[in-house]
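Everything on this sheet refers to the single structure shown next.
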Amino acid sequence: LKVDPKIPPGLVGDPLRIQQILTNLVGNSIKFTERGNIDVSVEMRSQAGDSVELQFMVRDTGIGISERQQAQLFQAFSQADASISRRYGGTGLGLVITQKLVSQMGGEISLTSRLHQGSTFWFTLRLNSTEMPMSDLIEVELLTGKQLLLVEPNMQAASVTQQILSQEGILVTYRSSLPENEEHYDYVLLNLAANQTYDEQSVAAWIEQAKRMAPSVIMGTPSTELALADQIMTEHQIQCLTKPLSRRKLLQSLINEHVEAPQAIAAPVETEESERLPLTVLAVD
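So for the sequence shown, our numbering puts the first residue at 1297; every next one is plus one.
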C-alpha cells in the first residue's frame, strides 16, 4: 500500500466499509492477474479546511477489459463476457456491491483499462481530518539518520518500502540481493520473494550473512511461507513480518530493534586491592 505523505494522520470515516471496498477490488485483481503486480495506493486530491478528498487506486497487470465491456461491469450478474465467467468463475456481484458502498459514502468509482494490458480501478471519498490520535504514536524520531540495507527482489515492492522508510529520515540502500562484500548498516531488512519457494538452509545462510552486516536483521516473508517464518524466528531469534509490509508494523519493528538491541558490555576494570572500597553484604534466606 502506497500512501501519499500529504494525507493527514487522523481521518474520520467508516474503516469497515473502506476495507470491504478495497478487499473486493484487490480480490478481483488477484482473480484476473496470473502474473505481474497488483499495486494499491491512496492519494490526496484536495483539501478544504478539515475536509479531505482521497483517491484510492488498485492497479493490476491482468487480462484487461475492452471499452465495450467496461460499460457492463457494474451491472448485477454481468462480467466482461461469458468465456471469462466460465474460466474464472463469479457472477460480477462484487463490483455492484462495491459501487453501492462507495455511493453510500458519497464517493464515486470508475476504472481505466485496456485489453491484455491490465486495469486500474479507482474510487474517491471525502473524509474529515481530526487532531485526535487514531492509535498509539510511533516514536519515529528514534530512526532518523539510521542506515538500512533493503534487500528486495521485487523492484516495485522495494520502491514502496523505500518511500516509507525515507519519509522517516532513514538512509536506505537498496539491493535486489545480498551484496557479497560485507557492508555495514544499522539494520538489514531482508525480504523474500512471493513467487519463490525457499529451503531453511539457504535462508539460514542469508541471515548469518546479514548479521555480519548489521546488529539488527528483520525478514519479510510471504504469507505462503508462514511455517518457515516461525522456524526462522525460533532458531535465529530475528523478527519476521508477513508481506506486504505495512508502514506501522515495519516502523514499529525497527523501533523495537533499536530499543532492544544489545549494548556492548564493558570489560571489568582491574583495581588494586588498596583501592577497593569495603563492602557489606546482607544475605537473606
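Glycine included, each C-beta is placed from N, C-alpha and C at the ideal position. The model shown is predicted, which means the values in this text are computed figures rather than measured ones.
Check, Outcome
"Rank T1457, L1524 and N1424 by C-alpha distance to the C-alpha of Q1343 and give the top, closest one.", "N1424"
"Are Y1470 and M1509 closer than 8 Å when you measure CB to CB?", "no"
"What is the residue span of the alpha helix (DSSP H) that T1420 lies within?", "No alpha helix (DSSP H) holds T1420; the beta strand (DSSP E) holding it covers S1415 to S1425."
"Is it buried or exposed, M1515, if we count other Cβ atoms within 10 angstroms and call 16 or more buried?", "buried"
"So, with DSSP's three-state summary, where would you put T1394?", "helix"
"Do you know how far the Cα of H1554 is from the Cα of I1534?", "13 Å"
"Report all residues from its chain with a CB closer than 8 Å to the CB of L1578; omit the five preceding and five following residues, and keep chain order.", "The pLDDT assigned to L1578 is 41, lower than 50, so where the model puts this residue is not dependable, and the model offers no usable value."
"Tell me which residues share the same chain as Q1315 and place their Cβ nearer than 6 Å to its Cβ, disregarding the 5 neighbours each side in the sequence.", "none"
"Judging by CA-CA distance, which residue of Q1497, E1437, E1504 and A1500 is the nearest neighbour of L1547?", "E1437"
"Tell me whether the stretch 1401-1416 and the stretch 1439-1457 touch, counting them as touching only if at least three CB pairs, one residue from each stretch, are closer than 8 Å.", "no"
"Contact check, N1255 vs G1402 under 8 Å by CB: the rounded distance?", "This structure leaves residue 1255 out entirely; the chain is present only between 1297 and 1581."
"I'd like the ranges of any beta strand (DSSP E) spanning at least 3 consecutive residues and lying wholly in the stretch 1426-1513.", "1443-1447, 1467-1471 and 1483-1487"
"Excluding the 5 residues preceding and the 5 following R1543 in the sequence, name in chain order all residues of the same chain whose CB lies nearer than 6 Å to its CB.", "I1460"
"Can you give the beta carbon distance from Q1527 to E1496, rounded, assuming they're within the 8 Å contact cut?", "6 Å"
"Go to Q1351, then tell me how far its alpha helix (DSSP H) extends in each direction, as first and last residue.", "From DSSP, Q1351 is part of no alpha helix (DSSP H) but of the beta strand (DSSP E) over S1347 to D1356."
"Mind checking whether V1348 and V1336 have CB atoms under 8 Å apart?", "no"
"Hey, could you find the ends of the alpha helix (DSSP H) D1526 is sitting in?", "L1522 to H1532"
"Which value, in whole angstroms, describes the spacing of the CA atoms of K1302 and V1338?", "10 Å"
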